[in-house]
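FYI, the numbering for the sequence shown is 4 to 835, going by the working numbering.
Glycine included, each C-beta is placed from N, C-alpha and C at the ideal position.
All values derive from a computational prediction rather than experimental measurement.
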Amino acid sequence: MGDKAARGERFVDVAVPLAMPLALTYAVPWEEEASCAPGVRVLVQVGARKQYTGVVLRLHDRPPAVGKVRTIESVIDDEPVVSASLLATWAFIAGHYMCTLGEVMAASLPAGLKLASATRIRRHPDVLEGPADDRLRVVWEALGVREAMGLRDLASMLDVKHPQRLLNQLLEGGWVITEEELDERYKPKMETWVRLHPDFVDNDALLNAFLDDRRALKQVQLVMGYLSLAEDLGGAVRRKQLLAKTDVSAGVLKAVEAKGVLTSFEEPLEPVVGKGGALSRAPLPTLSPAQDRALSEIRDAAPLPALLHGVTGSGKTEVYTHLIADALERGEQVLFLVPEIALTAQLIQRLAVHFGGFLSVYHSRFNTRERTDTWFEVLRQGRRSGGGGGQHGGRLVVGPRSALMLPFTNLGLVIVDEEHEPSFKQHDPAPRYHARDVTMWLGAKHGVRVVLGSATPSVESVWLAQQGRVKHVGLTERYGGVMLPEILCADLRKAHKQRAMSGPFSRDLLLAMEETLKEQRQVILFINRRGFAPVWMCEGCAYVSECERCDVPLTQHKWKDQLDCHHCGYHIPVPRVCPSCGGTALGPKGAGTERVVEDLAQYMPHARVARMDLDTTRSKNAHSRLVEAFGQRQFDVLVGTQMVTKGLDFAHVGLVGVLSADRLLNHADFRSFERAYAMLTQVAGRSGRSGARGKVILQTFSPDHWVLDKVMRHDFSGLVEQELRDRRESLYPPYARLIRIVLRHTDAQRLTQSADALATMLRAAVGLERVIGPEVPPIARINDLHHRVLLLKFERKAVPAKYKPVIQQVLTQFSTTDKWKRIRVTVDVDPV
Ligand code: ADP
Ligand code: ZN
């Protein structure tokens, strides 16, 4: 006893994946003290029965002020699996975005690392050899007999109290998987490779004899093709590439294989990660003088973050490439954040050319196993900084916002490409963080170099540059002196009056499309709605089919012959009889992508048309296949939603048509003009990226709208100036900080009462004029839950660290009031 007091008992604060406001404190048994470091996982008991995997945040010697002290059950890891810098990022996100550490942790850790007491394991289906270690082997053998096992089975079989460490070794070694992973059916995609049979490698005479065989010309052609592609005699080449290069059929390859000259084998497909380990496979691009200037300005900007404001097609990616090479040479890790990884195939290919062996792509469609692999790659790579060995993955990570929550240990540079994109902000669930803003924090507090890039930066970022807190770097010309496109409006009022509309196309647009195809160039048509028609309506009584669970009209999808709700998935067969008046004159109103494709078949029957929207790109590689096919000019016209506005680089597009610019301008949000400008400029930027000047036609009922005027004149600074003036006046970001509180409940009346009550409490706590609402949002009900919104506004001078705890207190008080217990409340700091 006395001994213990002298040594001093040790405690740890542990984050558990639950929405609990505070970290939990546990005592550490002395024999575990040595391994119990921050970032290590531990098993802890929460409540009466439940056990959770938690992560150690810190060690200390202050026992908890209240309650009985519990001891951790066991330590799972020998080394931290969460890096110190990631722990700091978690804490920042939880604090700034007003959520719990548990919520951040749950979003960050891949499921493979979140072992719970219910976890069950099985043998990895693709691994044939068991572990060598005796104790691990026992488990492996047993799993060959019984299919699955839980933690408790393991414990009793091995006669240990806490089998987590062993289980962990099995998981890390890849011998077993958890059942969750199995559900995701982990199957690596295979790719076929071809190589020269060893007999021929070792014997030139044999090979020459074959090559002299004149009768089998095609076969010889194939082998010659192999010889030119293979890096060394006997090296492997991709089957697909070989057949494409030599232009022979698969049958010829079979014949050559039958003769035993070439052999095929399969390997898991590695989509973009190169096999080499060299720093730079292809030499870095030579920059234009303007790009070169931008590069040195960015280099000189540090420690300030840089905002690379480069017009579309100015070659921002080329500049990034040099910055990445800098950082890798310094031995640092690099994070390249993109709005949506599924839409980035082109970019990834361009990066892979230079950094193949270093590149890890963090995909939002990854399964648990892939996520866990990337996690350890990033963790270990940082530790092993400087390189060595053949494995470099994890040095350069390309990913969406969630890639920020990987365990970097040596992060030197973060690039946020298309920094204006709203998808950098997470909406649901918590943590509702903004990846760009978290990156800015990393820059300010952890000395990470930050580069934000965009052709249409956010008003906030431009303002920060004006304040001297970010270095503005301009790139005002397109690469190769290509002109920015000519942008025109097509006046839909006039066109309708003059009966000059063909379906959704004005005469101007149709003529321009014909002309473009005649010039052997391609067309992109942008319409911000998928499906056939956004509304299904009765001509007789104006009845509109609506969702049963949401306050929105249902979208008609012709190919499925049904009406869908895009908010909750509710759907019905297309009604032919009006449920309101009994009439039969029901029909589609308005147009979506599907309808535009159909109309094109009527008005431009000779054009080859492809559609790009959520419905045509659901499968894993559909998007990149479409991009590739369009790039190779297998289609003349690409019809699509926002997807076509993002980062695509096609050489032959001569015309972009926007079918309706009006909907973009009609939103009530304070950011809608900024958004409209960005979206229109981005989609316009797909036109005329090389060769002759491109053209853009915006169809609109309001051709005199000031935002359209700015778009047509490429007048970004004019737009920002006007926006900043308006926002200063009405106190919106960047002059104010916003917190949006959403209340949801099935009963509208009760919800209204609760929202009023919360508004009153908040007004008392933070000041009358700072609380706006409650308001009914444009879509008042989603999935049977009614919504009310409160907006809190704080002038920029106010200190968030002061008012956030006050708000938190009010919210806690509110949600523990019996009357309001069932009202769901979410808090969104810096909403977008
Ligand atoms: P942005 O991202 O700014 O819209 P990109 O980086 O896509 O522009 O560049 C536009 C096009 O110009 C691409 O096809 C790119 O390969 C080409 N390009 C830009 N800079 C260079 C350069 N320095 N050398 C060769 N090609 C370049
Ligand atoms: Zn619905």
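* Does DSSP put Ser505 in a helix, a strand or coil? -> strand
* For Arg743, does the three-state DSSP call read helix, strand or coil? -> strand
* **Closest residue to Leu236 among Phe213, Leu246, Pro201 (Cα-Cα distance)** => Pro201
* How is the beta strand (DSSP E) around Ile810 delimited, first residue to last? -> Element bounds for Ile810: not the beta strand (DSSP E) but the alpha helix (DSSP H), 803-818.
* Asked: Whose CB is closer than 5 Å to a heavy atom of the ligand ZN? List the residues in chain order.
  -> Cys550, Arg552, Cys553, Cys568, His570, Cys571, Tyr573
* Below 8 Å, can you find three or more Cβ-Cβ pairs linking the stretch 496-515 to the stretch 327-345? -> no
* Asked: Can you tell me whether Lys698 is buried or exposed, with buried defined as 16 or more other CB within 10 angstroms of its CB?
  -> buried
* Asked: Are Trp378 and Pro410 closer than 8 Å when you measure CB to CB?
  -> yes
* Asked: On the three-state DSSP scale, how would you describe Arg678?
  -> helix
* Asked: What do you reckon, are the CB atoms on Ile527 and Arg689 nearer than 8 Å?
  -> yes
* Cβ of Gln685 within 8 Å of Cβ of Thr320? -> no
* Asked: Considering only C-alpha positions, which residue in the set Lys164, Ala30, Gln294, Gly98 is nearest to Pro24?
  -> Gly98
* Presumed contact (8 Å Cβ cut-off) between Ile79 and Val45, rounded CB distance -> 6 Å
* Heavy atom of the ligand ADP less than 7 Å from the Cβ of Leu290, yes or no? -> yes
* Asked: Leaving out the 5 sequence neighbours to the left and right, which residues in its chain are closer than 7 Å to Ala503 when beta-carbon positions are compared?
  -> Ser509, Arg510
* Is it the case that the CB of Thr315 approaches a heavy atom of the ligand ADP more closely than 7 Å? -> yes
* Asked: Cβ of Asp376 within 7 Å of any heavy atom in the ligand ADP?
  -> no
* Asked: Can you list the beta strand (DSSP E) stretches of 3 or more residues lying completely in the stretch 604-634, in chain order?
  -> 612-615
* What three-state label does DSSP hand Lys53 in the structure shown? -> strand
* Output yes or no for whether 8 Å exceeds the beta carbon distance between Ala40 and Pro83. => yes
* Count the other CB atoms, across all protein chains shown, that sit within 10 Å of the CB of Asp295; report buried if there are 16 or more and exposed otherwise. => exposed
* Asked: Going along the chain, which residues of its own chain have a beta-carbon closer than 7 Å to the beta-carbon of His475, five neighbours each way excluded?
  -> Leu310, His312, Ala468
* Asked: If we count Cβ pairs, one from each stretch, closer than 8 Å, do we get three or more for the stretch 662-678 versus the stretch 620-640?
  -> no
* **Start-to-end residues for the alpha helix (DSSP H) that takes in Lys448** => 438-449
* Can you have a look at Lys713 and say buried or exposed, based on whether 16 or more other CB atoms are within 10 angstroms of its CB? => buried
* Could you tell me whether the Cβ atoms of Leu21 and Gly115 are closer together than 8 Å? => no
* To do: On a CA-only basis, which of Pro306, Leu169, Met101 is nearest Gly471? Give me that one, please.
  => Pro306
* Asked: Taking the alpha-carbon positions, what's the Thr347 to Arg731 distance?
  -> 36 Å
* the ligand ADP heavy atoms versus the CB of Lys319: any closer than 7 Å? -> yes
* Apart from the five residues just before and just after Ser388, which ones in its own chain have a Cβ nearer than 6 Å to its Cβ? -> Confidence at Ser388 is low in this model, with a pLDDT of 41, below 50, so its placement is unreliable and no value can be given for it.
* **Through-space distance from Leu722 to Trp466, alpha-carbon basis** => 13 Å
* Asked: Among Gln559, Ile351, Glu373, which has the Cα closest to the Cα of Leu399?
  -> Ile351
* Asked: Any contact of the stretch 783-803 with the stretch 693-712, i.e. 3+ C-beta pairs under 8 Å?
  -> no
* Determine the direct distance from the alpha carbon of Pro460 to that of Tyr454, and round the result to whole angstroms. => The question names Tyr, but residue 454 is Val in the sequence shown. For Val454 and Pro460, the distance between alpha carbons rounds to 12 Å.
* Asked: How many Å lie between Ala760 and Thr56 at the Cα?
  -> 38 Å
* To do: Counting only the same chain and skipping the five closest in sequence on each side, list residues whose C-beta sits under 7 Å from that of Asp618.
  => Arg533
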